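There are 2 protein chains.
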Amino acid sequence: MTDFGELPLRADNRSTPCCVDTARLGQYIGSMTMPTAPLDAALIDRFTAIVGQSNALSQDEAGATYLTEPRDLFPGKSALVLRPGSVDEVSAIVRLASETRTPIVPQGGNTGLVGGQQPRSEGEVLVNLSRLDQIREIDPVGRTITVDAGCVLQRVQEAADEAGLFFPLSLGAQGSCQIGGNLSSNAGGTGVLAYGNSRDLCLGIEAVLPSGEIIHGLRRLKKDNRGYDLRNLLIGAEGTLGIITGAVLKLFPKPKGKEIAFVGLSSVENALKLLSIAEGHAGASLTAFEFLPLIGMRFTLKHTEGARDPMDAEYPWYVLVEISSQRSAEEAGATLEALLTEAFEAGLVEDAAIAQSEAQAANFWRMREEMSWAQKPEGGSIKHDVSVPVASVPEFLRRADEAVLAAIPDARIVAFGHLGDGNVHYNISQPVGADKAAFLARWHEIGAIVHGIVAEMEGSFSAEHGIGVLKAEELRRSKAGPEYEAMRAIKTSLDPFGILNPGKLIQI
Amino acid sequence: MTDFGELPLRADNRSTPCCVDTARLGQYIGSMTMPTAPLDAALIDRFTAIVGQSNALSQDEAGATYLTEPRDLFPGKSALVLRPGSVDEVSAIVRLASETRTPIVPQGGNTGLVGGQQPRSEGEVLVNLSRLDQIREIDPVGRTITVDAGCVLQRVQEAADEAGLFFPLSLGAQGSCQIGGNLSSNAGGTGVLAYGNSRDLCLGIEAVLPSGEIIHGLRRLKKDNRGYDLRNLLIGAEGTLGIITGAVLKLFPKPKGKEIAFVGLSSVENALKLLSIAEGHAGASLTAFEFLPLIGMRFTLKHTEGARDPMDAEYPWYVLVEISSQRSAEEAGATLEALLTEAFEAGLVEDAAIAQSEAQAANFWRMREEMSWAQKPEGGSIKHDVSVPVASVPEFLRRADEAVLAAIPDARIVAFGHLGDGNVHYNISQPVGADKAAFLARWHEIGAIVHGIVAEMEGSFSAEHGIGVLKAEELRRSKAGPEYEAMRAIKTSLDPFGILNPGKLIQI
Numbered sequence: 001m002t003d004f005g006e007l008p009l010r011a012d013n014r015s016t017p018c019c020v021d022t023a024r025l026g027q028y029i030g031s032m033t034m035p036t037a038p039l040d041a042a043l044i045d046r047f048t049a050i051v052g053q054s055n056a057l058s059q060d061e062a063g064a065t066y067l068t069e070p071r072d073l074f075p076g077k078s079a080l081v082l083r084p085g086s087v088d089e090v091s092a093i094v095r096l097a098s099e100t101r102t103p104i105v106p107q108g109g110n111t112g113l114v115g116g117q118q119p120r121s122e123g124e125v126l127v128n129l130s131r132l133d134q135i136r137e138i139d140p141v142g143r144t145i146t147v148d149a150g151c152v153l154q155r156v157q158e159a160a161d162e163a164g165l166f167f168p169l170s171l172g173a174q175g176s177c178q179i180g181g182n183l184s185s186n187a188g189g190t191g192v193l194a195y196g197n198s199r200d201l202c203l204g205i206e207a208v209l210p211s212g213e214i215i216h217g218l219r220r221l222k223k224d225n226r227g228y229d230l231r232n233l234l235i236g237a238e239g240t241l242g243i244i245t246g247a248v249l250k251l252f253p254k255p256k257g258k259e260i261a262f263v264g265l266s267s268v269e270n271a272l273k274l275l276s277i278a279e280g281h282a283g284a285s286l287t288a289f290e291f292l293p294l295i296g297m298r299f300t301l302k303h304t305e306g307a308r309d310p311m312d313a314e315y316p317w318y319v320l321v322e323i324s325s326q327r328s329a330e331e332a333g334a335t336l337e338a339l340l341t342e343a344f345e346a347g348l349v350e351d352a353a354i355a356q357s358e359a360q361a362a363n364f365w366r367m368r369e370e371m372s373w374a375q376k377p378e379g380g381s382i383k384h385d386v387s388v389p390v391a392s393v394p395e396f397l398r399r400a401d402e403a404v405l406a407a408i409p410d411a412r413i414v415a416f417g418h419l420g421d422g423n424v425h426y427n428i429s430q431p432v433g434a435d436k437a438a439f440l441a442r443w444h445e446i447g448a449i450v451h452g453i454v455a456e457m458e459g460s461f462s463a464e465h466g467i468g469v470l471k472a473e474e475l476r477r478s479k480a481g482p483e484y485e486a487m488r489a490i491k492t493s494l495d496p497f498g499i500l501n502p503g504k505l506i507q508i
Numbered sequence: 001m002t003d004f005g006e007l008p009l010r011a012d013n014r015s016t017p018c019c020v021d022t023a024r025l026g027q028y029i030g031s032m033t034m035p036t037a038p039l040d041a042a043l044i045d046r047f048t049a050i051v052g053q054s055n056a057l058s059q060d061e062a063g064a065t066y067l068t069e070p071r072d073l074f075p076g077k078s079a080l081v082l083r084p085g086s087v088d089e090v091s092a093i094v095r096l097a098s099e100t101r102t103p104i105v106p107q108g109g110n111t112g113l114v115g116g117q118q119p120r121s122e123g124e125v126l127v128n129l130s131r132l133d134q135i136r137e138i139d140p141v142g143r144t145i146t147v148d149a150g151c152v153l154q155r156v157q158e159a160a161d162e163a164g165l166f167f168p169l170s171l172g173a174q175g176s177c178q179i180g181g182n183l184s185s186n187a188g189g190t191g192v193l194a195y196g197n198s199r200d201l202c203l204g205i206e207a208v209l210p211s212g213e214i215i216h217g218l219r220r221l222k223k224d225n226r227g228y229d230l231r232n233l234l235i236g237a238e239g240t241l242g243i244i245t246g247a248v249l250k251l252f253p254k255p256k257g258k259e260i261a262f263v264g265l266s267s268v269e270n271a272l273k274l275l276s277i278a279e280g281h282a283g284a285s286l287t288a289f290e291f292l293p294l295i296g297m298r299f300t301l302k303h304t305e306g307a308r309d310p311m312d313a314e315y316p317w318y319v320l321v322e323i324s325s326q327r328s329a330e331e332a333g334a335t336l337e338a339l340l341t342e343a344f345e346a347g348l349v350e351d352a353a354i355a356q357s358e359a360q361a362a363n364f365w366r367m368r369e370e371m372s373w374a375q376k377p378e379g380g381s382i383k384h385d386v387s388v389p390v391a392s393v394p395e396f397l398r399r400a401d402e403a404v405l406a407a408i409p410d411a412r413i414v415a416f417g418h419l420g421d422g423n424v425h426y427n428i429s430q431p432v433g434a435d436k437a438a439f440l441a442r443w444h445e446i447g448a449i450v451h452g453i454v455a456e457m458e459g460s461f462s463a464e465h466g467i468g469v470l471k472a473e474e475l476r477r478s479k480a481g482p483e484y485e486a487m488r489a490i491k492t493s494l495d496p497f498g499i500l501n502p503g504k505l506i507q508i
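Residue numbers (UniProt numbering), protein chains in the order written: chain A, 1 to 508; chain B, 1 to 508.
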């Protein structure tokens, strides 16, 4: 087994954040999967007959849409891309795959960042769920929406809104990611603080098991204690235990008012104390608590057209606080003012601005949303998606900064994200004037340092992006022992031939 | 396999709600388990050596404390009761059990209602977790509490309260039930509407697997996407996949104010409309929405000392609405008044009383809490714990009432419970003057009618009490097919010798 620490990095000059030598990556990945025989023509015909000629694409026909992914790290390879139009077609595909031991890779909106949705050999069949895109039912009293897995997240948000309700899952990729993928990767986003991860927003699922059999679990029940929790097992399994084809999602009353403040602070410790005060005042009405560093603000203001600094002066740290009220904008505003007043009196806050208009609120959010992109013009960026206990975020930052700066003295650390969830996007921009390729070549060296500290602090090296191919070996190493063996036993028991998304998440 | 429909009923005159002929039940249960050899003296010595003589009890010594349960439906039988004092001792016990293929039954506070915590033959070893009763850590910033599985729920509530925080799980049995059992049965209760089931309140678990190996999963992370969700698989598994020995639980900011109204309504449909209005006004601040029928109110007022009717007149239905505010009692009161005003204006509400004192609030809650006990003096009661989609509760009641009254014309139906969760305690008191034994002998006939309607309405025959022994056969029948087979595959993969709580929940 090739050690993940040796994952080859490529020195290139492309503008994508890609830094992995895809040719060598291919060899590396190859070592993690079972050998896959190419599909023969007769088998391709049998798969094609299930979905019809127009929904069975060759590698050339599928091309960029299905076989490249956002970071261009995991080049897709597949002799056959299928676009089933019904759950029964998905079932028939998997049944045939099971019979013929053909590996299947399920794919939704193809926005995943860890390579989970990409086939890696011509012998793997890609099954794209996009044609399963119906909103099946909205229950306004029970506040649920039942959807096909291929529904784009934004469409679900809009359908909820039209019904006078609210679906809180919110991600950068929401215009193209699909619910099936959101659930399979247990996607996070900015709504987690008040509403939870994707897992917490799902009441029931329908899925095709590795045998091709369908689990009809589209339950709309808030309480149901009938046996093992297969729903939560399939959620977050990245398509390795079954293909999610439909889901019942929770909807929420639409907040009647939202108020947002942009706050300048001298330290992350103070941001954490502000969080406690905000939670004490607002409880579940605290719907966002994001944190940003000064350097990130400077990058955003420099590289984002039309972005304006919400503050009159610079501060070491910033926090974006959002309060939602079920009663009125006034109530949200009163809560926000009350918590800020308490924080000011406690000397925790340097300055604060409350958005006075929708445009201003949008500008506040823009500071947060552009933070990732604004690092690009500054050169190479080594990225991490980690979480630690919320109270440990300051200590994590202190230790990680010290270790990273010891390794790369002029590195520019842009640590930001979901403070209320303990989820830090710990990104490191290259030193000014450094060689980008040489900097990016240290990705794994730096990753090992950062993830080592995360492990010591009982954190996670995969907070919201999943495992896929990118972190499969790290998962195997870090969970070695009974936990990994239990996962492997479950995988083997449900997918004895290892046909579903082989090599992703779990190694059997 | 004996069909569950034939579960023998006993005509007796005991005051417990028991109605099952335990002798014949024993034969029935026996048919569901693997044959168990009695423990030999040498093996008992080996187990005893792990926990020490004083923590290894014989059947006679264990007696009532460990081997009888609340409903007296499932008489316990075990030659050996072990009380381990550490996780390592639990691990050593299970390791020895695995080596010797000895069946193990884990037990917490012994308050379960479906027999999951009772051993059923002298060859089964009972492992009681009560000595693992330490509160390990409270994290006031991250708002978590880390506890041993044997901590009594009420102690956890109190520890949270002392730390200025709030643990919302709340059950009738909270003075004796333990966290390990709460999680193993995914207990519900009155806090589910705003805070979720036990499952939703747990961030991490520590557990001993059937191999005796320990999973160290006491994570305090709000986001962690590293592999399959073993935590949720073990939660609700009723000790059949592992023994939970510790847990990290979520704490919440303590509400600064709570206000409660008792509302009289003409129909359950109107109660449902009131629920929508309440959710619209209060969102997550709506912390209880319980419903009660007139007949249940009459029983409670008649049989509960000191109980007073909160209303001046009688109404067909009642609802108890609780609003919690993070800011003040005034805010909670304003929200409550606003939603009641809207409901009055819409003609949904006949009368409403808002509690003016803690004593009055306690009296309102008492109406709800005594409802189960108040049925006892009225004779035999056939009970169900079902859930349907919230919007379907009125239709369920209409159909179930019609079918039950067709079977037993003068039956007195007392349907009450957690309307906001779609969870109905559909209890049926015997006709006035009827023969109690003859009435109770129809438990399964009536159960089949009620559960049949529940199934047609895509509901659950086990909303919050679990499967245990009582509903294991019904689970097998109702989920027959890929879902049950997937559960069975998981059980077999993790517990190949079937030593953990055999015959409970799943039949292998």
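The C-beta atom is built at its ideal place from N, Cα and C for all residues, glycine as well.
All of these numbers come straight from a predicted model, not from anything done at the bench.
> Under 8 Å, do Pro168/B and Phe291/B count as touching if we go by C-beta distance?
Replying inline: Not in contact: Pro168/B and Phe291/B (Cβ atoms no closer than 8 Å).
> Under 8 Å, do Ser387/B and Lys223/A count as touching if we go by C-beta distance?
Replying inline: Taking the C-beta atoms as reference points, Lys223/A is found nearer than 8 Å to Ser387/B.
>> According to DSSP, is Tyr28/A part of a helix, a strand, or is it coil?
In response: Because Tyr28/A sits at a pLDDT of 37, beneath the cut-off of 50, its placement in the model cannot be relied upon, and the point is left open.
>> So within the segment 363-435 of chain A, which uninterrupted alpha helix (DSSP H) runs reach at least 4 residues, ignoring any that extend past its ends?
In response: You should have 393-407.
> Skipping 5 residues on each side, what residues in its chain have a beta carbon closer than 7 Å to that of Pro70/A?
Replying inline: Sequence-distant Cβ neighbours of Pro70/A in its own chain, meaning closer than 7 Å and more than five residues away, are Thr111, Leu113.
> For Ile506/A, does the three-state DSSP call read helix, strand or coil?
Replying inline: The three-state reading of DSSP puts Ile506/A in coil, since its state is none of H, G, I, E or B.
>> Does Thr240/A come out as helix, strand or coil in the three-state DSSP assignment?
In response: Coil.
> Listed in chain order, which residues of the segment 219-248 of chain A have Cβ atoms closer than 8 Å to some Cβ of chain B?
Replying inline: Across the segment 219-248 of chain A, CB contacts with chain B closer than 8 Å involve Arg219, Arg220, Leu221, Lys222, Lys223, Asp224, Asn225, Arg226, Gly227, Tyr228, Asp229, Leu230, Asn232, Leu233, Ile235, Gly236, Ala237, Leu241, in sequence order along the chain.
> Between the beta-carbon of Gly420/B and the beta-carbon of Val390/B, is there less than 8 Å?
Replying inline: One thing to note: Gly420/B has its Cβ within 8 Å of the Cβ of Val390/B.
> Between the beta-carbon of Leu336/B and the beta-carbon of Glu259/B, is there less than 8 Å?
Replying inline: Judged by beta-carbon spacing, Glu259/B lies within the 8 Å limit of Leu336/B, meaning their Cβ atoms are closer than that value.
>> So Asp139/B contacts chain A; which residues on that side make the cut at Cβ distance below 7 Å?
In response: Result: Pro389, Ala391.
> So what's Gln59/B in DSSP terms, helix, strand or just coil?
Replying inline: Here Gln59/B carries a helix assignment [DSSP, helix/strand/coil].
>> With H, G and I counted as helix, E and B as strand and the rest as coil, what does DSSP make of Ile499/A?
In response: The answer is coil: DSSP assigns Ile499/A none of H, G, I, E or B.
> What is the rounded straight-line gap between the Cα of Val90/B and the Cα of Pro84/B?
Replying inline: Val90/B and Pro84/B: Cα-Cα distance of roughly 6 Å.
>> Quick check: is the beta carbon of His451/A nearer than 8 Å to any beta carbon in chain B?
In response: For His451/A, not one C-beta of chain B is nearer than 8 Å to its own C-beta.
>> Taking the alpha carbon of Ser170/B as the reference point, which residue from Glu162/B, Gly188/B, Ser184/B has its own alpha carbon closest?
In response: Closest in alpha carbon position to Ser170/B, among Glu162/B, Gly188/B, Ser184/B, is Gly188/B.
> Quick one: what does DSSP say Ser276/B is sitting in, helix, strand or coil?
Replying inline: Correct three-state label for Ser276/B: helix.
>> If the criterion is Cβ atoms closer than 8 Å, does the pair Ala173/B and Ile244/B meet it?
In response: No.
>> Checking 8 Å against the spacing of the C-beta atoms, do Leu500/A and Ala472/A come in under that value?
In response: Between Leu500/A and Ala472/A, the C-beta gap is not smaller than 8 Å, which leaves the two residues out of contact.
>> Tell me whether the segment 455-471 of chain A and the segment 452-468 of chain B touch, counting them as touching only if at least three CB pairs, one residue from each stretch, are closer than 8 Å.
In response: Between the segment 455-471 of chain A and the segment 452-468 of chain B there are fewer than three C-beta pairs closer than 8 Å, too few to call the two in contact.
> Is Tyr315/A helix, strand or coil when you go by DSSP?
Replying inline: The three-state secondary structure of Tyr315/A, taken from DSSP, is coil.
> Expressed to the nearest angstrom, what Euclidean distance is found between the alpha-carbon atoms of Tyr426/B and Leu286/B?
Replying inline: Linking Tyr426/B to Leu286/B through their CA atoms gives a straight-line distance of about 24 Å.
> Is DSSP giving Leu73/B helix, strand or coil here?
Replying inline: In this structure, Leu73/B counts as coil in the three-state DSSP scheme.
> Under a Cβ-count criterion, where at least 16 other Cβ atoms within 10 Å of its own Cβ denotes burial, should Trp317/A be classed as buried or exposed?
Replying inline: Label assigned to Trp317/A: buried.
> Under the three-state reduction of DSSP, which class applies to Arg477/B: helix, strand or coil?
Replying inline: Residue state, collapsed to three classes: helix.
> Where does Phe4/A land, buried or exposed, given buried means 16+ other C-beta within 10 angstroms?
Replying inline: Unreliable placement is indicated for Phe4/A, whose pLDDT of 29 sits below 50; no coordinate value is reported for it.
> Quick one, which residues of the segment 475-487 of chain B are near chain A if we go by CB-CB under 7 Å, in chain order?
Replying inline: The segment 475-487 of chain B vs chain A, Cβ under 7 Å: Leu475, Lys479, Pro482, Glu483, Ala486, Met487.
> On the three-state DSSP scale, how would you describe His216/A?
Replying inline: Judged by DSSP in its simplified three-state form, His216/A adopts strand.
> Among residues of its own chain, excluding the 5 on either side of Asn423/B, which ones have a beta-carbon nearer than 6 Å to its beta-carbon?
Replying inline: Shown here for Asn423/B: same chain residues with a beta carbon closer than 6 Å to its own, the five before and five after excluded, namely Ser387, Gly417, Ala463 in chain order.
>> My output table needs one value for Met34/B: the three-state DSSP class, helix, strand or coil.
In response: Because Met34/B carries a pLDDT of 47, less than 50, the predicted location of this residue cannot be relied on, and no value is offered for it.
> What residues in the segment 303-336 of chain A bring their beta carbon closer than 9 Å to a beta carbon of chain B?
Replying inline: Identification of residues in the segment 303-336 of chain A having a C-beta nearer than 9 Å to some C-beta of chain B yields Ser324, Ser325, Gln326, Arg327, Glu331, Ala334, Thr335, given in sequence order.
> What alpha helix (DSSP H) runs, 4 residues minimum, are completely inside the segment 143-199 of chain A?
Replying inline: If we require 4 residues or more, the alpha helix (DSSP H) runs fully inside the segment 143-199 of chain A come out as 153-162, 179-184, 192-195.
> So the beta strand (DSSP E) Thr287/B belongs to, where does it begin and stop?
Replying inline: Unbroken beta strand (DSSP E) run through Thr287/B: 286-293.
> Exposed or buried, what is Ala282/B when buried is set at 16 or more other beta-carbons lying within 10 Å of its beta-carbon?
Replying inline: Answer is buried; the Cβ neighbour count reaches 16.
> Between the Cα of Leu320/A and the Cα atoms of Asp133/A, Arg368/A, Ile138/A, Phe396/A, which residue gives the shortest distance?
Replying inline: Of Asp133/A, Arg368/A, Ile138/A, Phe396/A, the residue nearest in Cα terms is Arg368/A.
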